Amino acid sequence: MSKRKHHRHRNSILDRTAGSRPGLLFVPTGAHAPRFFLVSFSDTILEQTEFVSYELLMKKISTQPDLRHWIDIRGYGDLKLLEQITQDFTIHPLQMEDVINDYQRPKAEELDGDRLFIISRMLRWSNDTHCLDDVQLSIFTGRNYVLTLQSDYEDCLDPLRERIQVGKGLIRNRPSMYLAYAIIDVVLDYYFPVMNEISNYIEELEKDVLLNASKQTLSEILSLKNELVKFRRIAWPERDKLNEMLRLDEDTIPENLKVYFHDAYDHAVQLIDLIDNQKEIASSLIDLYMSTVSNRMNEIMKVLTIISSIFIPLSFIVGLYGMNFAHENPETGKVYPLSMPELYQPYAYPILLVLMLSLIGLQLYFFYRKGWLRSF
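Every letter in the sequence shown is one number past the one before it in our numbering, and letter 313, counting from 1, is 315.
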């Protein structure tokens, strides 16, 4: 999920024409051509196939009504296909519109016939741009199927596909609602590696602040805070969504499955705590930056102050003897009291230079004894 794709998903909301009727379907700008994947399974049977057309996929499902099916459609580049999916799976046009406008907040809606419409957001952290890339995953559940729709070809669900293939876990001998839970759980699990990447990035920023604080560093810290706000804006509805699902009737989510959804809910709560903690650390980085810049300025002022302190008495001496008040009038020979006899003192110039150098040495020794030179 590149940075370019990230902006395309966000801007797909803007593809909708203002004032158009509710539920009007459209093809988003830059949408991928659809690809069709099907995983059909039972306790003893497993079939994974990519189909060249939606019709072949549906025909395959109709010949295996006793199996559970994971229908995975990726890409929204065919308007007729979207309309056909809406009709075949009895999806309300407003819900399909939410699927296509793929920057919806995570949510769960109960449909007729004890079905669910679920939206989750898949996240990935980009180490190149230091931004969150997110893609919407739309999930529809049915008696013997789970339908997932997404705009990109790549996702984070490969570990789940591998678990189904090797037969690990409870997926192949549980109802389709358990598969829906497993999909949500995998998406949520990927939030924690993202948080770990952000934590590592915060440590890098902290080192930059301490070693080489600059305006670029401050800009990166502020950008990170914005990404954490976005992360929390995704994680918080995810928690609310799972909380709503725990309150659904047993006909929709059986009690023996709610323990799994409750575990996912606990993960969401834990994730929000981690996000809040990282937000506080990011805020403290700004304080650390200001403190570091202030200390650096103090060090600069300290150097300038020491240099000024050394040259102030030297400037006084030079300025004093620059007045040239003669001790004796060279024309009349008259001697003036309280003038400068040193002007005509033999070796006065080198003596004065030695005096000035000695004064510099005494000042440096005094500064060293005070500890003012130890930081250089």
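Where a beta carbon is used, it is the ideal one built from N, C-alpha and C, also for glycine. Here the structure is a predicted model, which means the values were calculated and not measured.
Skipping 5 residues on each side, what residues in its chain have a beta carbon closer than 8 Å to that of residue i?
{"i": "residue 1", "result": "The requested residue 1 is not part of the displayed model; the chain covers only 3 to 378."}
{"i": "residue 208", "result": "287, 290"}
{"i": "residue 67", "result": "146"}
{"i": "residue 230", "result": "200, 277, 280, 281, 284"}
{"i": "residue 86", "result": "56"}
{"i": "residue 132", "result": "203, 222, 225, 226, 229"}
{"i": "residue 308", "result": "369, 374, 375"}
{"i": "residue 350", "result": "344"}
{"i": "residue 13", "result": "Confidence at residue 13 is low in this model, with a pLDDT of 47, below 50, so its placement is unreliable and the value that follows should be read with caution. Correct list, in chain order: 31."}
{"i": "residue 239", "result": "107, 108, 109"}
{"i": "residue 256", "result": "177, 179"}
{"i": "residue 95", "result": "24, 25, 26, 27, 88"}
What is the residue span of the alpha helix (DSSP H) that residue i lies within?
{"i": "residue 143", "result": "Here residue 143 belongs to no alpha helix (DSSP H); instead the beta strand (DSSP E) covers 133–143."}
{"i": "residue 110", "result": "It is not in any alpha helix (DSSP H) - residue 110 instead sits in the beta strand (DSSP E) that spans 109–112."}
{"i": "residue 168", "result": "160–168"}
{"i": "residue 156", "result": "Per DSSP, residue 156 belongs to no alpha helix (DSSP H) and is neither H nor E."}
{"i": "residue 210", "result": "193–214"}
Pick helix, strand or coil for residue i, following the three-state DSSP scheme.
{"i": "residue 252", "result": "coil"}
{"i": "residue 147", "result": "strand"}
{"i": "residue 270", "result": "helix"}
{"i": "residue 4", "result": "Residue placement at residue 4 is poorly supported in this model, since its pLDDT is 40, which falls under 50; the coordinates still yield a value, given next. Correct three-state label for residue 4: coil."}
{"i": "residue 325", "result": "coil"}
{"i": "residue 123", "result": "strand"}
{"i": "residue 347", "result": "coil"}
{"i": "residue 128", "result": "strand"}
{"i": "residue 231", "result": "helix"}
{"i": "residue 29", "result": "coil"}
{"i": "residue 340", "result": "coil"}
{"i": "residue 226", "result": "helix"}
{"i": "residue 359", "result": "helix"}
{"i": "residue 118", "result": "strand"}
Does the ligand COA have even one heavy atom less than 6 Å from the beta-carbon of residue i?
{"i": "residue 170", "result": "This structure lacks the ligand COA; in fact it carries no ligand of any kind."}
Return the chain-ordered list of same chain residues with a C-beta closer than 7 Å to the C-beta of residue i, the five sequence neighbours on each side being excluded.
{"i": "residue 295", "result": "215"}
{"i": "residue 143", "result": "117, 118, 178, 179, 182"}
{"i": "residue 254", "result": "112, 116, 118"}
{"i": "residue 360", "result": "none"}
{"i": "residue 246", "result": "110"}
{"i": "residue 259", "result": "179, 180, 183"}
{"i": "residue 358", "result": "316, 319"}
{"i": "residue 10", "result": "With a pLDDT of only 45 at residue 10, under 50, the local geometry of the prediction cannot be trusted, and no value is derived from it."}
{"i": "residue 250", "result": "112"}
{"i": "residue 161", "result": "188"}
Buried or exposed for residue i, going by 16 or more other Cβ atoms inside 10 Å?
{"i": "residue 150", "result": "buried"}
{"i": "residue 346", "result": "exposed"}
{"i": "residue 328", "result": "exposed"}
{"i": "residue 305", "result": "exposed"}
{"i": "residue 65", "result": "exposed"}
{"i": "residue 368", "result": "exposed"}
{"i": "residue 223", "result": "buried"}
{"i": "residue 73", "result": "buried"}
{"i": "residue 235", "result": "exposed"}
{"i": "residue 273", "result": "buried"}
{"i": "residue 92", "result": "exposed"}
{"i": "residue 302", "result": "exposed"}
{"i": "residue 293", "result": "exposed"}
{"i": "residue 82", "result": "exposed"}
{"i": "residue 299", "result": "exposed"}
{"i": "residue 244", "result": "buried"}
{"i": "residue 123", "result": "buried"}
{"i": "residue 138", "result": "buried"}
{"i": "residue 185", "result": "buried"}
{"i": "residue 241", "result": "buried"}
Can you tell me where the beta strand (DSSP E) holding residue i begins and where it ends?
{"i": "residue 38", "result": "37–43"}
{"i": "residue 53", "result": "48–53"}
Grab me the residues of residue i's own chain with a C-beta within less than 6 Å of its C-beta, minus the 5 sequence neighbours each way, in chain order.
{"i": "residue 76", "result": "37, 152, 155"}
{"i": "residue 50", "result": "41"}
{"i": "residue 210", "result": "219"}
{"i": "residue 59", "result": "38, 40, 53"}
When you compare the CB of residue i with every CB in chain C, is at least one pair closer than 7 Å?
{"i": "residue 253", "result": "Judged by its chain identifiers, the structure shown contains no chain C, having just a single protein chain."}
Which parts of the stretch 55–108 are runs of the alpha helix (DSSP H), unbroken and 4 residues or longer, counting only runs that do not cross its ends? 56–64, 81–90, 95–102
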